[in-house]
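The listed protein sequences correspond, in order, to chains A and B. Note that UniProt numbering has the first sequence beginning at 1, numbered continuously upward. Note that UniProt numbering has the second sequence beginning at 1, numbered continuously upward. Accompanying notes for the structure given below.
2 protein chains.
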Amino acid sequence: MTEERGTVGPARRRGLADEVADRVRESIFGGVYAPGAQLREVELSRALEVSRGPVREALLRLEREGLVRSEWHRGATVTTLSPRDVAELDSLRGALEELAVRQVVDHASEEDLDAVAEIAARMDRAEDEHALVRYDIAFHDAVYDASRHQRLREAWQAIRSQVHLFLLTRIRVSAADYLTHIPGEHRELAAALSARDAGAALDLFAAHRRHAFDVLSGPGTAAEPEGTRDDAS
Amino acid sequence: MTEERGTVGPARRRGLADEVADRVRESIFGGVYAPGAQLREVELSRALEVSRGPVREALLRLEREGLVRSEWHRGATVTTLSPRDVAELDSLRGALEELAVRQVVDHASEEDLDAVAEIAARMDRAEDEHALVRYDIAFHDAVYDASRHQRLREAWQAIRSQVHLFLLTRIRVSAADYLTHIPGEHRELAAALSARDAGAALDLFAAHRRHAFDVLSGPGTAAEPEGTRDDAS
DNA sequence: GATTGTCGCAATGTTAACATTGCGACAAGT
DNA sequence: ACTTGTCGCAATGTTAACATTGCGACAATC
Numbered sequence: 001m002t003e004e005r006g007t008v009g010p011a012r013r014r015g016l017a018d019e020v021a022d023r024v025r026e027s028i029f030g031g032v033y034a035p036g037a038q039l040r041e042v043e044l045s046r047a048l049e050v051s052r053g054p055v056r057e058a059l060l061r062l063e064r065e066g067l068v069r070s071e072w073h074r075g076a077t078v079t080t081l082s083p084r085d086v087a088e089l090d091s092l093r094g095a096l097e098e099l100a101v102r103q104v105v106d107h108a109s110e111e112d113l114d115a116v117a118e119i120a121a122r123m124d125r126a127e128d129e130h131a132l133v134r135y136d137i138a139f140h141d142a143v144y145d146a147s148r149h150q151r152l153r154e155a156w157q158a159i160r161s162q163v164h165l166f167l168l169t170r171i172r173v174s175a176a177d178y179l180t181h182i183p184g185e186h187r188e189l190a191a192a193l194s195a196r197d198a199g200a201a202l203d204l205f206a207a208h209r210r211h212a213f214d215v216l217s218g219p220g221t222a223a224e225p226e227g228t229r230d231d232a233s
Numbered sequence: 001m002t003e004e005r006g007t008v009g010p011a012r013r014r015g016l017a018d019e020v021a022d023r024v025r026e027s028i029f030g031g032v033y034a035p036g037a038q039l040r041e042v043e044l045s046r047a048l049e050v051s052r053g054p055v056r057e058a059l060l061r062l063e064r065e066g067l068v069r070s071e072w073h074r075g076a077t078v079t080t081l082s083p084r085d086v087a088e089l090d091s092l093r094g095a096l097e098e099l100a101v102r103q104v105v106d107h108a109s110e111e112d113l114d115a116v117a118e119i120a121a122r123m124d125r126a127e128d129e130h131a132l133v134r135y136d137i138a139f140h141d142a143v144y145d146a147s148r149h150q151r152l153r154e155a156w157q158a159i160r161s162q163v164h165l166f167l168l169t170r171i172r173v174s175a176a177d178y179l180t181h182i183p184g185e186h187r188e189l190a191a192a193l194s195a196r197d198a199g200a201a202l203d204l205f206a207a208h209r210r211h212a213f214d215v216l217s218g219p220g221t222a223a224e225p226e227g228t229r230d231d232a233s
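This is how it looks when you write it as structure tokens:
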């Protein structure tokens, strides 16, 4: 995600838990564990050849990203996104992106903006669908990085994986639509940010989200009452 | 925090990690561990008479709340809020509260609004400063609960403890100011929400934050250069 | 005297065994 | 046939011992 670029970067070691979290995350995005699937600690620890400690820690971290939900003595399962969840992600993304745009316009360096533009430009070189989605997420990562707002980045990371999951579903619904719209939109977005034009960027981001939301929310999994799903936290 | 009210609530057991997290959090808010203090795993596990496992898990959870920061092989320390951190909290709160107000106006039930109003009314009955701050936080909790937006609530919880820390510092700077302004503002806020007047509520929330921000950012810890010209949100 | 290399301790990271819990299967009773 | 009670297993929660790492102290050298 964000690697220090330019400076040397303090070469800190990562620990097994991070490694495990990465592997499991990629497995989920790769389709090994479908939404709703159980993630058993012993199974993972055997497969990755580590003990249950780091696996537990990794699952906790994935839970923080919303990729996994777990209940007391009932283990962890891969998050499933209901229509309501998708709506929540959409509105929360909106709030965060709005702040991000303002922060970028005010505080981003030219290097930050160049990085955003470069990722937008690179989208064409995606080999397959998964890579395309990865680039999509990377673009948004770059925007949040450019905001120079640590807590905003953390808030984004708390829904990032869920958005990834969402996009994966979306591209499966209509890959063609995705490919024809997103790269261009990203380039426009990057241009508006480089020009530090907050108004234009805000409008473009709103359209960008609306587009994504409509595709999946329209024909895909629209009707489902879903009554109430709250729980205390 | 959020307690099931009305319904029975599925009586789930909590596990030691949650208990430990609560105890440590209260210890921090109670001043036992000052910002910057080290939280040693063995020390905590001895004090709370549990093993290091649950303590580790609890520290991870507190890290998710931003109350604690930890680095590889260097343990956990209580978060210290720099002026820049305060600015970040302020702007992020702004983004979240804006969404919250919209969601409340659109989706909250009358019971939700009553709960908000009741907490606002109850603020006068605070015995000491700590209780006052607790009520302050509880008010905002109620607003987010009323938004009926799970992920928004989670985003709030990711900064909630830091805001708590911030308020604790603030009330120490000028308790009188706090007491004369906040309860009234909360009541106005509750009234605007009950009237489902989004515009008024938005303005009031902005003023509410600005007030808190100015008190601490002005005379308190202002002088630090910090290289940033911070926003007006 | 300042610098650099080595050593040791203290704290975290990791592991594996033990305890507890929840769920489903099976059986007995109505 | 449906309900109810018991049992057993499988998975998570917890614990304590072991391994690794980073930092500071001390000493040797220039």
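Every residue gets a Cβ at the ideal spot worked out from N, C-alpha and C, and that includes glycine. All values derive from a computational prediction rather than experimental measurement.
Positions along the stretch 154 to 167 of chain A whose CB lies within less than 7 angstroms of some CB in chain B | For the stretch 154 to 167 of chain A, the beta-carbon criterion of a distance under 7 angstroms to any beta-carbon of chain B is satisfied by Glu154, Ala155, Ala158 and Ile159.
Look at the Cβ atom of Leu189 (chain B), then the Cβ atom of Ala201 (chain B), and state whether they are nearer than 8 angstroms.
-> With respect to the 8 angstroms criterion, Leu189 (chain B) and Ala201 (chain B) are classified as neighbours on the basis of their beta carbons.
Rounded C-alpha distance that separates Val133 (chain B) from His164 (chain B) | Looking at the two C-alpha atoms, the distance is approximately 7 angstroms.
Tell me whether Ala17 (chain A) sits in a helix, a strand or coil according to DSSP, three-state version.
-> In this structure, Ala17 (chain A) counts as helix in the three-state DSSP scheme.
From the beta carbon of Phe213 (chain A), is the nearest beta carbon of chain B less than 8 angstroms away?
-> Answer no: the Cβ-Cβ gap between Phe213 (chain A) and chain B never drops below 8 angstroms.
Buried versus exposed call for Arg69 (chain A) [16 or more other C-beta atoms within 10 Å across all chains shown] = With fewer than 16 other CB atoms across the displayed protein chains lying within 10 angstroms of its CB, Arg69 (chain A) is exposed.
By the criterion of Cβ-Cβ separation under 7 angstroms, what are the contact partners of Glu57 (chain B) in chain A?
-> Glu57 (chain B) reaches chain A at Leu60, counting residues in chain order whose Cβ is nearer than 7 angstroms.
Interface residues of chain A around His149 (chain B) at Cβ under 8 angstroms?
-> Correct list: Glu88, Ser91 and Leu92.
May I have a chain-ordered list of the beta strand (DSSP E) segments no shorter than 3 residues that lie completely inside the stretch 69 to 131 of chain A?
-> Segments of the beta strand (DSSP E) lying fully in the stretch 69 to 131 of chain A: 75 to 78.
Does DSSP put Leu67 (chain A) in a helix, in a strand, or in coil?
-> Here Leu67 (chain A) sits in coil by DSSP.
Could you give the distance in angstroms between the alpha-carbon of Glu63 (chain A) and the alpha-carbon of Asp85 (chain B)?
-> Going from the Cα of Glu63 (chain A) to the Cα of Asp85 (chain B) covers about 25 angstroms.
Along the chain, where does the alpha helix (DSSP H) that runs through Leu48 (chain B) open and close?
-> For Leu48 (chain B), the enclosing alpha helix (DSSP H) covers residues Glu41 to Leu48.
With 8 angstroms as the threshold, decide whether the Cβ of Arg14 (chain B) is near any Cβ in chain A.
-> For Arg14 (chain B), the answer is yes, since a Cβ of chain A falls inside 8 angstroms of its Cβ.
Cβ shell of residue 244 (chain A) (< 6 angstroms), same chain only, five flanking positions each side left out = With chain A covering only 1 through 233, there is no way to say anything about residue 244 (chain A).
Mind checking if residue 236 (chain B) is an interface residue toward chain A, Cβ cutoff 8 angstroms exclusive?
-> As shown, chain B starts at 1 and ends at 233. That puts residue 236 (chain B) outside it, with no answer to give.
Identified DSSP bridge partners for Gln38 (chain B) = DSSP lists B:Thr77 as partners of Gln38 (chain B).
Please state whether DSSP places His140 (chain B) in a helix, a strand or coil.
-> DSSP places His140 (chain B) in helix when its eight states are reduced to three.
For Val33 (chain A), which three-state DSSP category applies?
-> The question names Val, yet the displayed sequence has Tyr at residue 33 (chain A). If DSSP states are grouped into helix, strand and coil, Tyr33 (chain A) belongs with coil.
7 angstroms CB neighbourhood of Arg209 (chain A) in its chain, flanking five on each side removed = Sequence-distant partners of Arg209 (chain A) (beyond 5 residues in either direction) whose C-beta falls short of 7 angstroms from its own C-beta, in its chain, are Asp90, Arg93 and Gly94.
Cut-off 8 angstroms between Cβ atoms - residues of its own chain near Ala232 (chain B), not counting five sequence neighbours on either side = Any reading at Ala232 (chain B) must be qualified, since the residue scores a pLDDT of 39, below 50, and its modelled position is unreliable; the value itself is stated next. Result list for Ala232 (chain B): empty, nothing under 8 angstroms.
CB contact below 8 angstroms: Leu113 (chain A) versus chain B | By this cut-off, Leu113 (chain A) is not an interface position.
Close Cβ partners of Ser194 (chain B) (< 7 angstroms) along its chain, the five nearest in sequence each way excluded = Answer for Ser194 (chain B): Leu113 and Ala117, listed in chain order.
Backbone CA spacing between residue 283 (chain A) and Thr77 (chain A) [nearest angstrom] = In the structure as shown, chain A starts at 1 and stops at 233, and residue 283 (chain A) therefore has no counterpart that could be examined.
Alpha-carbon spacing of Gln162 (chain A) relative to Gly66 (chain A), whole angstroms | The alpha-carbon atoms of Gln162 (chain A) and Gly66 (chain A) are separated by roughly 6 angstroms.
Using three-state DSSP, classify Ser161 (chain B) as helix, strand or coil.
-> Looking at Ser161 (chain B) - three-state DSSP - the assignment turns out to be helix.
Going by other Cβ atoms of all chains shown within 10 Å of its Cβ, with 16 needed for buried, is Thr79 (chain A) buried or exposed?
-> Counting of Cβ neighbours within 10 angstroms places Thr79 (chain A) among the buried residues, the total reaching 16 or more.
Locate the alpha helix (DSSP H) running through Arg148 (chain A), then write down its first and last residues.
-> No alpha helix (DSSP H) contains Arg148 (chain A), which DSSP labels as neither H nor E.
Does any C-beta atom of chain B lie closer than 8 angstroms to the C-beta of Leu48 (chain A)?
-> No, its Cβ sits nowhere closer than 8 angstroms to a Cβ of chain B.
State yes or no: is the C-beta of Leu99 (chain B) within less than 8 angstroms of the C-beta of Leu152 (chain B)?
-> Yes, these two residues count as a Cβ contact at 8 angstroms.
Who are the Cβ neighbours of Gly6 (chain B) in its own chain at under 6 angstroms, not counting the five residues just before and after it?
-> Here the model assigns Gly6 (chain B) a pLDDT of 42, short of 50, so the residue's position is not dependable, and the following value carries that caveat. Closer than 6 angstroms at the Cβ level, and outside the excluded window around Gly6 (chain B), lies no residue.
Can you check whether the CB of Val55 (chain B) is closer than 8 angstroms to the CB of Val20 (chain B)?
-> A contact, by the Cβ cut-off of 8 angstroms.
When DSSP labels each residue in this structure, what does Asp214 (chain B) get in the three-state scheme?
-> In this structure, Asp214 (chain B) counts as helix in the three-state DSSP scheme.
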